[in-house]
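Its first residue numbered 1, the sequence shown is counted upward by one per residue in UniProt numbering. Beta carbons are placed, not taken as given, at the ideal position from N, Cα and C, and that holds for glycine. Reviewing the structure listed below.
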Amino acid sequence: MASAAPLSAPMAWPHAIETTQPADLALIYRPEVNLCVLRRPVTPWMQGFVARLLSGPWVFERELRIGMERPPVASLLPDEVHALPGAEAWLADVEYLVELFRDLFGPEGLGLRLRTLEKAMCPRFHVDNVPVRLICTYGGLGTEWLPDATVDRTRLGRGACGQPDEVSGLVLDPGMARAVPAYAIGLLKGCRWEGNEERGIVHRSPTPTPQQPRRLLLTLDPL
1 MASAAPLSAP MAWPHAIETT QPADLALIYR PEVNLCVLRR PVTPWMQGFV
51 ARLLSGPWVF ERELRIGMER PPVASLLPDE VHALPGAEAW LADVEYLVEL
101 FRDLFGPEGL GLRLRTLEKA MCPRFHVDNV PVRLICTYGG LGTEWLPDAT
151 VDRTRLGRGA CGQPDEVSGL VLDPGMARAV PAYAIGLLKG CRWEGNEERG
201 IVHRSPTPTP QQPRRLLLTL DPL
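In structure tokens, the structure reads:
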């Protein structure tokens, strides 16, 4: 399958919302919507910090369980990374994402995961077994997804009979695969959202390229 196209214009599918307004993320509550994407401007400090981090030797696989307290985001970074220009501003952005998630969904707790990835973590198209997940790729290739009309859901998981996505019949139109842009905020409805049990957004991790061999991925799940 060719590389997924990034979002560059308003999406033409009723189940997927693209916006530049944070308040529009509340549209995820619409029954027909299973994906919201908030495009954000990329600031020089963000790009510089992430570029230094991804070009350095650091490997991250951090997990935090956060209650109602102020999120301890500083613990995500080792001391030497704290010293990089832009680190404090990046941590402030992570804290912003946590507060945004809380405001939208009001969970009693949430799980935060931060990873540097050099290969596709979930290379096959799938749906998440969660009510909703926030994703943000800080640098590198963004998460790929398929419009509902281009998916044969009977071919998900065991329905593929072990065949690759490209030949199983899951993807009805390979040219319609899309990607959430780096730095954008994505809200992905899963199969545990009430009323959405059969309509979780179908997505997968991107395959790294020589030009973009690594990515920094942050996810938030309600607990």
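Query                                                                                                                         : Result
Close Cβ partners of Leu-114 (< 6 Å) along its chain, the five nearest in sequence each way excluded                          : Phe-60, Arg-62, Leu-76 and Leu-218
Rounded C-alpha distance that separates Arg-199 from His-15                                                                   : 10 Å
Bounding residues of the alpha helix (DSSP H) (the contiguous stretch that carries Gly-48)                                    : 44 to 55
Phe-49 to Val-202 span [Cα, whole Å]                                                                                          : 31 Å
Closer than 6 Å: Phe-101 CB and nearest the ligand GTP heavy atom                                                             : The ligand GTP is not among the ligands present in this structure, which contains no ligands whatsoever.
Classification of Cys-136 by the beta-carbon crowding that lies within 10 angstroms, buried from 16 upward                    : buried
Beta-carbon contacts of Ile-185 that lie in its chain and below 6 Å, excluding the five residues immediately before and after : Leu-38 and Cys-136
Reduced DSSP secondary structure (H/G/I, E/B, other) of Leu-77                                                                : coil
Proximity to Leu-223 [Cα-Cα], best of Cys-191, Phe-105 and Asp-152                                                            : Phe-105
Environment of Ser-205 [buried if 16+ CB atoms lie within 10 Å]                                                               : buried
Buried or exposed (CB count within 10 angstroms, at least 16 for buried), Ala-182                                             : buried
Cβ neighbours of Leu-170 in the same chain (closer than 7 Å, five flanking residues each side left out)                       : Phe-125, Val-151, Asp-152, Arg-155, Leu-156 and Ala-160
Continuous beta strand (DSSP E) stretch holding Trp-145: start and end                                                        : 144 to 146
Cβ pair residue 224, Pro-131 closer than 7 Å                                                                                  : Nothing can be reported for residue 224, as the shown portion of the chain is limited to 1 through 223.
C-beta atoms of Ala-89 and Gly-142 nearer than 7 Å                                                                            : no
Nonlocal neighbours in the same chain, by C-beta distance under 6 Å from Arg-52, ignoring five residues either side           : Leu-84
Coarse secondary structure for Ile-185, derived from DSSP in three states                                                     : strand
Residue burial classification, Arg-30 (beta-carbon count within 10 angstroms, cutoff 16)                                      : exposed
Residues sharing a beta bridge with Gly-111, DSSP                                                                             : Arg-65 and Asp-221
CA-to-CA distance, Gly-139 to Gln-47, given in whole angstroms                                                                : 7 Å
Counterpart residues of residue 242 in DSSP-defined beta bridges                                                              : Outside the shown range of the chain (1 to 223) lies residue 242, about which nothing can therefore be said.
Nearest residue (CA-CA) to Ala-148, options Leu-220, Ile-28, Leu-25 and Asn-34                                                : The amino acid occupying residue 148 in the given sequence is Asp; Ala does not appear at that position. Per the Cα distances, Asn-34.
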